[in-house]
Amino acid sequence: MKRETRRLLKKFFSNFSACLGFVLLVFFFIVAVGAPYIAPPKSARDPYMMPIVTWSSNPLPPSPEHPFGVAGKRDIFYGVVWGTRTAFRIGIIVTVVSTLIGLAVGSIAGYFGKLVDEILMRITDIFMAIPFLVAAIVLATILGAGLDKVIIALIVFSWMYSARLVRGNILQVKEEQFVMAARALGVSDFMIILRHVLPNSIFPVLIQASMRMGSLVITAAALSFLGIGAPQGYADWGALLNYARNWMMGSQGEALRYWYMTVFPGVAMVLFVLAWNLVGDALRDVFDPRLRM
Amino acid sequence: MLQKNLLEVRDLRVYFYSDEKRELKAVDGVSFSVGKGETLALVGESGCGKSVTSMAILRLVDSKGKITGGEVIFDGQNLLLLPESRMREIRGKDIAMIFQEPASALNPVYTIGEQILEAIMLHQKLSPSRAKEVALEMLRLVGIPEPEKRLNEYPHELSGGMKQRAMIAMALSCRPQLLIADEPTTSLDVTIQAQILELIRELQKKLGMALILITHDLGIVADMAERVVVMYAGKVVEEGNRFEIFKNPFHPYTVGLLRSIPRLDVERKKLDTIPGVVPEPSSFPVGCRFRGRCNFETGECVQEPPRTSLSNTHAVYCHHWEKVRDSNAEVLKECRAQ
Amino acid sequence: MSSAVILKVENLKKYFPIRAGVFRKVIAWVKAVDGVSFEVLGGESLGIVGESGCGKSTLGMTILRLYEPTEGKIFFNGQEISGLPFARLRPIRKDMQMIFQDPFSSLNPRMSIGAIIEEGMAVHGMYSPRERSSKVQEILERVGLSGNYARRYPHEFSGGQRQRIGIARAIALCPRLIIADEAVSSLDVSIRSQILNLMSELKEEYNLTYLFISHDLAVVKQICDRVLVMYLGKIVEIAGKKDLFSRPLHPYTVALVSAVPVPDPDYKVDRIILKGDVPSPINPPSGCRFHPRCPVVQDICREVEPSLREIQEGRWVACHFPGSLGLKRTKEVGVEC
Ligand SMILES: Nc1ncnc2c1ncn2[C@@H]1O[C@H](COP(=O)(O)OP(=O)(O)OP(=O)(O)O)[C@@H](O)[C@H]1O
Ligand SMILES: Nc1ncnc2c1ncn2[C@@H]1O[C@H](COP(=O)(O)OP(=O)(O)OP(=O)(O)O)[C@@H](O)[C@H]1O
Ligand SMILES: [Mg+2]
Ligand SMILES: [Mg+2]
Chain A
789 MKRETRRLLK
799 KFFSNFSACL
809 GFVLLVFFFI
819 VAVGAPYIAP
829 PKSARDPYMM
839 PIVTWSSNPL
849 PPSPEHPFGV
859 AGKRDIFYGV
869 VWGTRTAFRI
879 GIIVTVVSTL
889 IGLAVGSIAG
899 YFGKLVDEIL
909 MRITDIFMAI
919 PFLVAAIVLA
929 TILGAGLDKV
939 IIALIVFSWM
949 YSARLVRGNI
959 LQVKEEQFVM
969 AARALGVSDF
979 MIILRHVLPN
989 SIFPVLIQAS
999 MRMGSLVITA
1009 AALSFLGIGA
1019 PQGYADWGAL
1029 LNYARNWMMG
1039 SQGEALRYWY
1049 MTVFPGVAMV
1059 LFVLAWNLVG
1069 DALRDVFDPR
1079 LRM
Chain B
219 MLQKNLLEVR
229 DLRVYFYSDE
239 KRELKAVDGV
249 SFSVGKGETL
259 ALVGESGCGK
269 SVTSMAILRL
279 VDSKGKITGG
289 EVIFDGQNLL
299 LLPESRMREI
309 RGKDIAMIFQ
319 EPASALNPVY
329 TIGEQILEAI
339 MLHQKLSPSR
349 AKEVALEMLR
359 LVGIPEPEKR
369 LNEYPHELSG
379 GMKQRAMIAM
389 ALSCRPQLLI
399 ADEPTTSLDV
409 TIQAQILELI
419 RELQKKLGMA
429 LILITHDLGI
439 VADMAERVVV
449 MYAGKVVEEG
459 NRFEIFKNPF
469 HPYTVGLLRS
479 IPRLDVERKK
489 LDTIPGVVPE
499 PSSFPVGCRF
509 RGRCNFETGE
519 CVQEPPRTSL
529 SNTHAVYCHH
539 WEKVRDSNAE
549 VLKECRAQ
Chain C
12 MSSAVILKVE
22 NLKKYFPIRA
32 GVFRKVIAWV
42 KAVDGVSFEV
52 LGGESLGIVG
62 ESGCGKSTLG
72 MTILRLYEPT
82 EGKIFFNGQE
92 ISGLPFARLR
102 PIRKDMQMIF
112 QDPFSSLNPR
122 MSIGAIIEEG
132 MAVHGMYSPR
142 ERSSKVQEIL
152 ERVGLSGNYA
162 RRYPHEFSGG
172 QRQRIGIARA
182 IALCPRLIIA
192 DEAVSSLDVS
202 IRSQILNLMS
212 ELKEEYNLTY
222 LFISHDLAVV
232 KQICDRVLVM
242 YLGKIVEIAG
252 KKDLFSRPLH
262 PYTVALVSAV
272 PVPDPDYKVD
282 RIILKGDVPS
292 PINPPSGCRF
302 HPRCPVVQDI
312 CREVEPSLRE
322 IQEGRWVACH
332 FPGSLGLKRT
342 KEVGVEC
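Chains as they are written, first to last, in this note's numbering: chain A, 789 to 1081; chain B, 219 to 556; chain C, 12 to 348.
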């Protein structure tokens, strides 16, 4: 397998946009890990709460003290840096959990087929029919504000995509003769799924998951922007944009006066989404079975 | 072979270039000829370059490959030197081709009729109604029942055998002088295969065309071909008329091939085998390419084996053909003794 | 050679539903295997021949219970396995193995050769893990591959080598019965003979019984003792191979045998060219299923379905007029010279 892995790595890194995506991700990762050093928290309180730096609620432009400016009494730089952690946390937890749920549902439906498949897929359809953002808003409102509630809402409404994909892949792999061969050997259904079916259908799911990571962060930010997500003062890109809501129009004759309120968190968000998509795209190319060998 | 040759392939070379810029000599110095109205079989195992050779005759080698040498003389002109526009006229009109997979050679979104009509109108200036008559006539000729109805059907509505008949109708609609059939029956059942081979034979007689039949089935060769070219790893190893090839093979590969096939007409406890596997084009041996699998191999075999002409039609490319001949005689003697 | 009945199939049927519409209602049935009965003796190899779509693979899969039979019974070693729950079927699976047609899709690309061969042994708790890996080496060498290949992956091998791996996987469990579905059809001529010889040797060595499914009559003749001919989901003829190839009785068998090209330019045969294609198993013809293509059809054939009856010791034919179509050829089955 080592040779195979080397080949795949070589293919991955011979692609410019893949490298760009990878570099961006590494950059975000370093920011997230190094947050306590890049933007040291002022007090021993929860570091995720952005400290209040001024008593005026007017935004302040970038200055040496506050390189990205101040919004809603809080330092934007601090918010962007610690917001990276929030973004990773939401993205990873939601993606991992929803992918696992999707894997389970999809494999059961795809492998056993018939009635099980019918029931599970109808349930999936129902979830897919509900508009995602609306549903998430409703659920988050019912559960109350808070990051964990947002995460739950996002999981509940995003597992279906991997379930669908897994099921489709499994239906395809199931027809391969090596699955028949395993059944003829007397291997149990569970082991067949685990050893034969999933390893051959997992990559598209991982690729889809990495692409979804980006869009999840946007949705989470949208919820925060609407005031449903993170609590007041929580370091989160969406929440930072929320502060900008009243200032977005700029002031008389100077439309772009408060640019820094939207640009810094916005750019962070766009780059984050872009990074995941580039990596997902590159992975898809690398693992496309038609391009193998 | 008194009549003038219709097609003469001389020292044809087709090389492929892989990603790492390596040269794959898929077809390397192949020569043979086909007389007017004659049936020539091109036999060999998978990957020996049969399809590439036939595509190269029509100059249809795909972009990774290149015809790097040789001549293809058809009706007195070298096809490799003709401008592409002239070549396009020859394809389908003078030289037609049918493929192994009738299913993938027909376009699923057009009806059978549309596809045959296209083939006809491309090369012949006919009014649409006249072209349709020709199409119907062709379908009838290849034995498709209810041709009027079939004309409006899509490929998926036809069985494999019917699709192959439709392909043949299309190929023959311009009355080509040469038909190249690349494994025309490999994907069909034996009874359907018998129908199609019978059909090809009949049409060949009726239209007087020459046929290059590509196959790996020696049974079909014995049944259909007048002359046989045996290929191995991109080279011709032996050629001869069918009696010479089947009764007096002088190349160790031909001998091995003939002895290793299970046959309906003879009883054998154990099959003879050719050891090893067919080499990949990237690892063809230098000199004789059958090296490493051959019982007669000596140091001499690293040299390119010369062509030895044994009769007007029979030629073999082997350093040790005399030894092979002697060993054949011995086997025969032993067998008689039993 | 033991000659007890190892496998017995009684009136086996396998229908596949064809569904359509929003509610996926069953609109028709593909009668892939439609009432098949036969016996296989321990140590023999029975060939199953017939044209594409006649139900050969479906029959093999159903016998292994990879498909659930629609009707009928399967006995293996005297025990009925057709109604057995899967948990009780598993230990029996060890004794019935399959070799698949496609050497490319029948090996999991993400498992090493060693893992592929070892899996069955592990499932059935055979040997200790240590013994298993030495067993894998031994079996790999037995099928003509190097023991070092255990750590390599399927894509590194050629079609013939992969087929050897598939055979190794099957014999690793020391089965009694092996169903080989077109096991050599995708192989090249020179590789095919190697695999056929290997299978014959293994049969002697492990006292195996083969159910050898193939559409190639010459291959079946090489490896089998008896031959079963299928047409549209039914058996039309069963006979010892000598009888079948020298004097076929069912007109369909006669046509099949006559259609096989023989690599001898002196061989001439009055080829019986059948009209038309194989009809669809969804709506099989009335009476004898072969009647629309039969060269010697009579009125009764259109109405009455002939049953499979034993007309001579060991020769079963489902035809109203067995032997009415003769086979004319210049050369009879002979010994190699
Ligand atoms: N487009 C291509 N790119 C690279 N190599 C090619 C290409 N087409 C053919 N080849 C190589 O050329 C060699 C000859 O191929 P060809 O298709 O002529 O074999 P063949 O004799 O027709 O075999 P088969 O019986 O399988 O059809 C093969 O080894 C193949 O790998
Ligand atoms: N899973 C399935 N669902 C529906 N129909 C099927 C299924 N498997 C096979 N069939 C149908 O059953 C019939 C018999 O198929 P089967 O694969 O057994 O034929 P076969 O004799 O093995 O043919 P071949 O020589 O092409 O392998 C065919 O008409 C086929 O379309
Ligand atoms: Mg070819
Ligand atoms: Mg089959």
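The beta-carbon is built from N, C-alpha and C at its ideal position, and this holds for glycine as well. None of the values given here were measured: they were computed from a predicted structure.
Proximity winner among the options, relative to residue i (alpha-carbon distances)
{"i": "I907/A", "options": "P919/A, G894/A, I918/A", "result": "G894/A"}
{"i": "P262/C", "options": "D254/C, G298/C, V307/C, Y221/C", "result": "V307/C"}
{"i": "I190/C", "options": "L184/C, I17/C, Q233/C, I110/C", "result": "I110/C"}
{"i": "A133/C", "options": "A270/C, Q148/C, S117/C, K105/C", "result": "K105/C"}
{"i": "A547/B", "options": "L421/B, F468/B, I291/B", "result": "F468/B"}
{"i": "V439/B", "options": "V200/C, E324/C, P272/C, K232/C", "result": "P272/C"}
{"i": "V904/A", "options": "R955/A, F876/A, I918/A", "result": "R955/A"}
{"i": "V448/B", "options": "K222/B, L258/B, R240/B", "result": "L258/B"}
{"i": "T491/B", "options": "D45/C, E129/C, R203/C", "result": "R203/C"}
{"i": "C305/C", "options": "V265/C, Y278/C, I293/C, S318/C", "result": "V265/C"}
{"i": "E50/C", "options": "K42/C, S63/C, K19/C", "result": "K19/C"}
{"i": "S63/C", "options": "L243/C, Y278/C, F97/C", "result": "L243/C"}
{"i": "D544/B", "options": "G310/B, T531/B, R481/B, V473/B", "result": "V473/B"}
{"i": "K252/C", "options": "L57/C, G170/C, R99/C, I17/C", "result": "L57/C"}
Residues bridged to residue i (per DSSP)
{"i": "D490/B", "result": "Note: D490/B sits in no beta bridge, so no partner."}
{"i": "R237/C", "result": "L57/C, G251/C"}
{"i": "M442/B", "result": "In the DSSP output, where bridge partners are listed per residue, M442/B has none listed."}
{"i": "W327/C", "result": "I249/C, E321/C"}
{"i": "E241/B", "result": "Y235/B"}
{"i": "S527/B", "result": "A533/B"}
{"i": "K24/C", "result": "D45/C, E82/C"}
{"i": "M837/A", "result": "Y1022/A"}
Buried or exposed (CB count within 10 angstroms, at least 16 for buried), residue i
{"i": "P333/C", "result": "buried"}
{"i": "R1078/A", "result": "Residue placement at R1078/A is flagged as unreliable, the pLDDT there being 45, under the threshold of 50; a coordinate-derived value is accordingly withheld."}
{"i": "D280/B", "result": "exposed"}
{"i": "P326/B", "result": "exposed"}
{"i": "T286/B", "result": "exposed"}
{"i": "A387/B", "result": "buried"}
{"i": "L278/B", "result": "exposed"}
{"i": "E314/C", "result": "exposed"}
{"i": "A917/A", "result": "exposed"}
{"i": "P493/B", "result": "exposed"}
{"i": "V289/C", "result": "buried"}
{"i": "D246/B", "result": "buried"}
{"i": "A1056/A", "result": "buried"}
{"i": "I930/A", "result": "exposed"}
{"i": "I313/B", "result": "buried"}
| request: Considering only heavy atoms of ligand 1, list every residue whose Cβ is less than 6 Å from one of them, following chain order. | output: Listed by chain position, these are F234/B, L242/B, A244/B, G262/B, S264/B, G265/B, C266/B, G267/B, K268/B, S269/B, V270/B, D280/B, K282/B, G283/B, H434/B, P499/B.
| task | Could you name the residues of the stretch 965-985 of chain A whose beta carbon sits closer than 9 Å to any beta carbon of chain C, in the order they occur along the chain? | result | Q965, F966, V967, M968, A969, A970, R971, A972, L973, G974, V975, S976, D977, M979, R983, H984
| message | Please identify, using Cβ separations under 7 Å, the residues of the stretch 97-117 of chain C that lie next to chain B, in order along the chain. | response | When C-beta distances to chain B are compared with 7 Å, every residue of the stretch 97-117 of chain C stays at or above that value.
| field | Residues in the stretch 176-193 of chain C having any Cβ partner in chain A nearer than 8 Å | value | G177, R180, L184
| field | Where the stretch 447-479 of chain B meets chain C: residues whose CB sits under 8 Å from a CB there | value | R460, F461, F464, K465, G474, L475, L476, S478, I479
| When a residue counts only if its C-beta is closer than 7 Å to some heavy atom of ligand 4, which residues count, in chain order? | K67/C, S68/C, Q112/C, D192/C, E193/C, I224/C
| request: Report the residues of the stretch 410-442 of chain B with a CB closer than 9 Å to any CB of chain C, ordered along the chain. | output: I410, Q411, A412, Q413, L415, E416, H434, D435, L436, G437, I438, V439, A440, D441, M442
| Members of the stretch 925-958 of chain A near chain C, C-beta cut-off 9 Å | none
| Taking any Cβ of chain B, which residues in the stretch 208-222 of chain C have a Cβ under 8 Å from it, in chain order? | N208, S211
| Taking Cβ-Cβ distances below 9 Å as the criterion, which residues of the stretch 263-281 of chain C are in contact with chain B? | Y263, A266, L267, V268, S269, A270, V271, P272, V273, P274, D275, P276, D277, Y278
| request: Could you name the residues of the stretch 294-317 of chain C whose beta carbon sits closer than 8 Å to any beta carbon of chain B, in the order they occur along the chain? | output: Answer in chain order: no residues at all.
| task | Taking only beta carbons into account, state which residues of the stretch 987-1013 of chain A come closer than 7 Å to chain C, listed in chain order. | result | P987, N988
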